[in-house]
Amino acid sequence: MASTIFYALAFTCFLFLSSLSHTAWTHPNVQNESPFEFIRHLQGSKKGDKVDGVDQLKKFLHHFGYLNHGGLNNDEVDDDYFDETIERALKTYQINFNLKPTGVLDAETVSLMMKPRCGVPDIVDGKTRSYIIDYAFFPGSPKWLKTTKVLNWGYRPGTRRDVLNPLGKIVLNDGVIIYLLLLILLIGILELQTSRLASLKMAKEVWIKVNKLLQLRQQMGECFSKPI
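Heads up: the sequence shown is residues -26 to -1, 1 to 202, going by mature numbering (1 follows the signal peptide of the UniProt record, and there is no 0).
Pasting the structure below:
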């Protein structure tokens, strides 16, 4: 009975991952484009300018805690005017990351804002949570081998509790989803062969996570076209 369940699960996983892989290869632009790409053409913008994309900049600054929409009406939130509120929010961002507080989208500020980063706001209830973008590549920027079958992951000591379970909160591209599913499903299959009771429990947990990833995947197009 366990053997039948094992092969059925393995075959289902193969079909599911094949469909994800096909989607990843047929939509290369969605996978490669930075969600903050819109900031690039705003370089040089300053107070008094009207530039297409400033409305997205407002959403960026609001999301990360630098801009309060409470004092703005709907038209001001959605327009492309670079006003004094944007200048003030941008200066706060620059100070927070030890940049010269010019209030202008200079090259250094644009470069920093476009970098991959955690989605947790930098400022919550008026309190600054971080002064740097907390990520780094390993020395030499190593890559996984094509033959890699199992990925190990973990959290560094002192990681905040609000980021310990990110699977249901972050948006992942197809490539990362495939790697996560391979890891999750491999764990499920190994458990299936060792304990009948544990295998059923693991299988249930696996499919709950798969469903969550599917829901995230359905939202990908909107999230990548609308950065915030």
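C-beta: ideal position from N, C-alpha, C; glycine also.
| Query | Result |
| --- | --- |
| Cα-Cα separation between Thr66 and Gly18, rounded to whole angstroms | 17 angstroms |
| Inter-residue CB distance, Glu58 and Lys21 (contact presumed, cutoff 8 angstroms) | 6 angstroms |
| As assigned by DSSP and simplified to three states, the class of Tyr67 | helix |
| Member of Phe38, Gln68, Lys33 and Val84 whose CA lies at the smallest distance from the CA of Asp96 | Phe38 |
| Per DSSP, the bridge partner or partners of Lys101 | Val98 |
| In DSSP terms, what Lys24 is bridged to | Tyr55 |
| Rounded separation between Val25 and Gly132 - CA only | 42 angstroms |
| Within 8 angstroms, strictly: CB atoms of Met88 and Phe34 | no |
| Own chain partners of Asp23 with C-beta closer than 6 angstroms, once the 5 adjacent residues on each side are dropped | Phe56 |
| Segment limits, alpha helix (DSSP H) that includes Thr83 | Ala81 to Met87 |
| Three-state class that DSSP yields for Pro90 in the structure shown | coil |
| Residue environment, Leu119, which counts as buried when at least 16 other CB atoms sit within 10 Å | exposed |
| Helix, strand or coil at Lys74 according to DSSP, with G and I counted as helix | coil |
| Closest Cα partner of Gly100 within the set Leu16, Asp53, His36 and Lys32 | His36 |
| Three-state secondary structure (DSSP) of Gln30 | helix |
| As assigned by DSSP and simplified to three states, the class of Phe10 | coil |
| Length of the line joining the Cα atoms of Arg114 and Leu86 | Going by the sequence as given, residue 114 is Gly instead of Arg. Going from the Cα of Gly114 to the Cα of Leu86 covers about 21 angstroms. |
| Exposure of Gly93, with buried meaning 16 or more beta-carbon neighbours within 10 Å | exposed |
| Burial state of Lys74, where buried means 16 or more other Cβ atoms lie within 10 Å | exposed |
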